[in-house]
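2 protein chains.
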Amino acid sequence: MPKGRDVKQSSAGKVLNVLDLFSEENPAWTVEMIMEKLGATRATAYRYVKSLYDAGLLAPGAASTYVLGPRIMQLDRQIRRSDPLLKIAKPILDDNQSPLIGAKSISSFYGDQVLSIYVERCDPDIFLTMERGKNFPLIYGSPSRAVLAYLPPYQMKNFYSSNSAEIAEAELGDSLEEFRASMRKIRRKGCCVGNEVNNRVFGVSAPIFHDKSSVSASLTFVRRIEITSEEQAEQLTKDVIETANRISKCLKDYRPAEGDQGLIFPTPRLAG
Amino acid sequence: MPKGRDVKQSSAGKVLNVLDLFSEENPAWTVEMIMEKLGATRATAYRYVKSLYDAGLLAPGAASTYVLGPRIMQLDRQIRRSDPLLKIAKPILDDNQSPLIGAKSISSFYGDQVLSIYVERCDPDIFLTMERGKNFPLIYGSPSRAVLAYLPPYQMKNFYSSNSAEIAEAELGDSLEEFRASMRKIRRKGCCVGNEVNNRVFGVSAPIFHDKSSVSASLTFVRRIEITSEEQAEQLTKDVIETANRISKCLKDYRPAEGDQGLIFPTPRLAG
DNA sequence: ATAAATAATCTCGTTAAATGAGACTATCAG
DNA sequence: CTGATAGTCTCATTTAACGAGATTATTTAT
Chain V
1 MPKGRDVKQS SAGKVLNVLD LFSEENPAWT VEMIMEKLGA TRATAYRYVK SLYDAGLLAP
61 GAASTYVLGP RIMQLDRQIR RSDPLLKIAK PILDDNQSPL IGAKSISSFY GDQVLSIYVE
121 RCDPDIFLTM ERGKNFPLIY GSPSRAVLAY LPPYQMKNFY SSNSAEIAEA ELGDSLEEFR
181 ASMRKIRRKG CCVGNEVNNR VFGVSAPIFH DKSSVSASLT FVRRIEITSE EQAEQLTKDV
241 IETANRISKC LKDYRPAEGD QGLIFPTPRL AG
Chain S
273 MPKGRDVKQS SAGKVLNVLD LFSEENPAWT VEMIMEKLGA TRATAYRYVK SLYDAGLLAP
333 GAASTYVLGP RIMQLDRQIR RSDPLLKIAK PILDDNQSPL IGAKSISSFY GDQVLSIYVE
393 RCDPDIFLTM ERGKNFPLIY GSPSRAVLAY LPPYQMKNFY SSNSAEIAEA ELGDSLEEFR
453 ASMRKIRRKG CCVGNEVNNR VFGVSAPIFH DKSSVSASLT FVRRIEITSE EQAEQLTKDV
513 IETANRISKC LKDYRPAEGD QGLIFPTPRL AG
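Protein sequences, first through last, are from chains V and S. Quick note: the first sequence uses the numbering used here, first residue 1, plus one each step. Quick note: the second sequence uses the numbering used here, first residue 273, plus one each step.
As structure tokens, then:
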């Protein structure tokens, strides 16, 4: 549970920074490009690349470039296969075949952000921007806010003090008290509605708990906005809350098969 | 293009070794457990964990454990979104709706292994062991061998000299000449049949090239073995070769939208 | 198959960072 | 508020990262 981010960075940290360079627009880097970007010498750049290559996080690409490596896909598979939330939620979601649901999505809470970990398209005509691996700040979008609203008081206060400007801008309150009131409102409703993330759909998110009072994720049902009536929206809302509750119930009872390792999803702790 | 694996390891390498601890059986580790496993002191173990946490590769889990972090899912998404092979192959695969195909799968070549990067189930009753992120040695299974057979002579020789025992055991030849002959046989057929990986299915794999003579992946079509006749197997074989060829053709013509970064799939270089 | 071009690694003195041991502090539960 | 535990800090010591250029491995063109 890291306390605060130090300004100084370890050598390993500098090596791992290289991963930041790889973006959708710039997925392939030559060592020369990395040297220039980092202001490092040739030897250093090669050493960094070698460390990452040895770990499988980079792979040689065509034209003497490097690209993100196979280990990343392997590790993601590892996560998919060992995530109790996915294991538990999938059958429960499959069980709900309501034709109102255009897509189902689970977002997981990671301290300072919320990350989509599962997306299932039910309506073939729906346009989705969510996909596994897409992340959002804690304040943006209904999947995030469904989590935010259930943070323990201590963390809620922390979050407010380091994000008061953004909170005010999002019209969630101009003071800690107002912010708390907004969050209370979401809790009273039991879910959070929104289409910030994708304005072509109606989305409604409900929190998932892994413990009596610890939120660890949220479930979102979405539906094309142009085919959604008032009553349908209400029905979808009820539905997402109920399904999320069923998942929470199973999670609370869950213990890993062997050993006594405890639960293994991220705990709801705020970073920073 | 790493030469050989040094015995000595960098500090960053030692940090990245921590990722190896996380397995399906053991997905959550306390720092105490890591200390013990690594033989490191408390301070060192915490420093390692902090480096990985800062990079998002680890996340705090319940009961003061750490688990694989959100960054891994984000990076995998990055790869999915920037992989030209996926982009090009998907529409071509969607175009082929032959009822003979029980599942389609693409495996990508990563120097010393072959990794499944895409799996699509067509027959709902088929049992699949393949999934994105699952890797195989270059010698095992038809997806791997379809790649192996097309390695350039230089690499083929290298591979033989460092894997002659395994090659003999797999009955691919007791000498370099015999091995070359086995590979030539696969090339003459244009594909590779097998069910080593999953004995409930008939699988046939054909190579995908990103360049006149550089193999970079393989396409596999599988079908439940109990419903596959001789003629169907033959048809599937023709089909996979033709579809792989169509993908290769598109890949050869492909250039990234902007800039002149060249192709960005892994190049066919053997590690070690 | 061979040779030229390029990519990646090695060597070594110098500088900077990792390590270990134990004290210290933040966080969480009751 | 208090106690228990998780995580961090300090500092002397050891070890590894760094830079510059020479060297070797790999690829490509002939």
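In this text, a Cβ means the ideal position worked out from N, Cα and C, and glycines have one as well.
If I measure Cβ to Cβ from residue 331 of chain S and keep anything under 8 Å in the same chain, skipping five residues before and after, which residues do I get?
Within its own chain, the residues whose Cβ lies closer than 8 Å to the Cβ of residue 331 of chain S, once the five positions on either side in sequence are excluded, are 325, 338, 339, 340, 341, 342, listed in chain order.
Taking 8 Å as the threshold, find out whether the stretch 142–153 of chain V comes into contact with the stretch 188–197 of chain V through three or more Cβ pairs.
Counting Cβ pairs under 8 Å, three or more are found: they touch.
From S/380, S/313, S/365, S/507, residue whose alpha carbon lies closest to that of residue 482 of chain S
Cα-wise, what sits closest to residue 482 of chain S is S/380.
Exposure of residue 422 of chain S, with buried meaning 16 or more beta-carbon neighbours within 10 Å
Note on residue 422 of chain S: 16 or more other CB atoms within 10 angstroms of its CB, so buried under the neighbour-count rule.
Since residue 511 of chain S and residue 295 of chain S are thought to touch, with beta carbons under 8 Å apart, how far apart are those beta carbons, to the nearest angstrom?
With a Cβ gap of about 37 Å, residue 511 of chain S and residue 295 of chain S do not count as contacting.
Under the criterion of a Cβ to heavy atom distance below 7 Å, does residue 459 of chain S qualify as lining the ligand NAP?
Questions concerning the ligand NAP fall outside what the structure shown contains, since it holds no ligand whatsoever.
8 Å Cβ cutoff, residue 494 of chain S in contact with chain V
So, not an interface residue.
Is there a Cβ from chain S that is less than 8 Å from the Cβ of residue 162 of chain V?
By this cut-off, residue 162 of chain V is not an interface position.
Grab the span of the alpha helix (DSSP H) containing residue 53 of chain V for me, first residue to last.
In this chain, the alpha helix (DSSP H) harbouring residue 53 of chain V covers 42–54.
Tell me which residues of the stretch 96–115 of chain V have at least one Cβ-Cβ distance to chain S shorter than 9 Å, keeping chain order.
Within the stretch 96–115 of chain V, the residues whose Cβ lies closer than 9 Å to some Cβ of chain S are 108, 110, 111, 113, 115, listed in chain order.
Which of helix, strand or coil DSSP assigns to residue 371 of chain S:
For residue 371 of chain S, the three-state secondary structure derived from DSSP is coil.
Interface flag, residue 299 of chain S vs chain V, CB-CB below 8 Å:
True, the Cβ-Cβ gap to chain V drops below 8 Å.
Could you have a look at residue 515 of chain S and say whether DSSP puts it in helix, strand or coil?
Residue state, collapsed to three classes: helix.
Restricting to runs no shorter than 3 residues, where is the beta strand (DSSP E) found entirely within the stretch 419–480 of chain S?
For secondary structure counted as the beta strand (DSSP E) over 3 or more consecutive residues, the stretch 419–480 of chain S holds these complete runs in sequence order: 464–466.
Between the stretch 303–312 of chain S and the stretch 29–42 of chain V, are three or more C-beta pairs nearer than 8 Å?
No, the stretch 303–312 of chain S is not in contact with the stretch 29–42 of chain V.
What's the C-alpha gap between residue 207 of chain V and residue 198 of chain V?
Annotation: residue 207 of chain V to residue 198 of chain V spans about 19 Å, alpha carbon to alpha carbon.
Contact with chain S by residue 155 of chain V, beta-carbon distance below 8 Å
At a cut-off of 8 Å between beta carbons, residue 155 of chain V makes no contact with chain S.
Within 8 Å of any Cβ in chain S, is that where the Cβ of residue 217 of chain V sits?
Not closer than 8 Å to any Cβ of chain S, the Cβ of residue 217 of chain V fails to qualify, so no.
Buried or exposed: residue 406 of chain S, going by 16 or more other Cβ atoms within 10 Å of its Cβ?
Looking at its Cβ environment, which holds 16 or more other Cβ atoms inside 10 Å, residue 406 of chain S is buried.
Which two residues bound the contiguous alpha helix (DSSP H) that contains residue 113 of chain V?
Where residue 113 of chain V is concerned, there is no enclosing alpha helix (DSSP H), although the beta strand (DSSP E) it sits in stretches over 113–121.
Classify residue 499 of chain S as buried or exposed, calling it buried when 16 or more other Cβ atoms lie within 10 Å of its own Cβ.
In the assembly as shown, residue 499 of chain S is an exposed residue. Its beta-carbon has fewer than 16 other beta-carbons within 10 Å.
Residue 535 of chain S at chain V interface by Cβ criterion, 8 Å:
Residue placement at residue 535 of chain S is poorly supported in this model, since its pLDDT is 47, which falls under 50; the coordinates are not used for a value here.
Residue 157 of chain V to residue 176 of chain V, Cα distance in whole Å?
Going by the C-alpha atoms only, they are around 7 Å apart.
Partners in chain S for residue 134 of chain V, counting only beta-carbon separations shorter than 7 Å
The answer, in chain order, is 349.
Please classify residue 437 of chain S: is it buried, with 16 or more other beta-carbons within 10 angstroms of its beta-carbon, or exposed?
Counting the other Cβ atoms within 10 Å of the Cβ of residue 437 of chain S gives fewer than 16, which makes it exposed.
Could one say the Cβ of residue 449 of chain S lies closer than 8 Å to chain V's Cβ atoms, at least one of them?
No, no contact with chain V.
Grab the span of the alpha helix (DSSP H) containing residue 135 of chain V for me, first residue to last.
Residue 135 of chain V -> not in any alpha helix (DSSP H); beta strand (DSSP E) instead, spanning 135–137.
Local Cβ density within 10 Å of residue 451 of chain S, reported as buried at 16 or more and exposed below that:
Taking all protein chains in view, the Cβ of residue 451 of chain S is crowded by 16 or more other Cβ atoms within 10 Å, so the residue is classified as buried.
Using beta carbons (cut-off 8 Å, strictly below), is residue 366 of chain S in contact with chain V?
Cβ-Cβ to chain V under 8 Å: no for residue 366 of chain S.
Residues of chain S with CB closer than 7 Å to the CB of residue 235 of chain V, please, in chain order.
Against chain S, the beta carbon of residue 235 of chain V has no neighbour under 7 Å; the closest one sits roughly 29 Å away.
Would you mind reading off the limits of the beta strand (DSSP E) that contains residue 332 of chain S?
Where residue 332 of chain S is concerned, the enclosing beta strand (DSSP E) stretches over 330–333.
Touch check for the stretch 397–411 of chain S and the stretch 502–519 of chain S: three-plus C-beta pairs under 8 Å?
The answer is no - the stretch 502–519 of chain S does not touch the stretch 397–411 of chain S, with fewer than three Cβ pairs under 8 Å.
Identify which residue in S/489, S/525, S/504 has its Cα closest to the Cα of residue 385 of chain S.
Nearest C-alpha to residue 385 of chain S: S/489.
Counting along the chain, where does the alpha helix (DSSP H) carrying residue 291 of chain S start and finish?
Run containing residue 291 of chain S: 283–293, per the alpha helix (DSSP H) assignment.
Cβ-based burial, residue 20 of chain V [other Cβ within 10 Å; buried from 16]:
So residue 20 of chain V counts as exposed.
Which residues in chain S sit within 9 Å of residue 47 of chain V, going by Cβ to Cβ distance?
Ordered by position in chain S, the residues that pass the 9 Å Cβ test against residue 47 of chain V are 282, 284.
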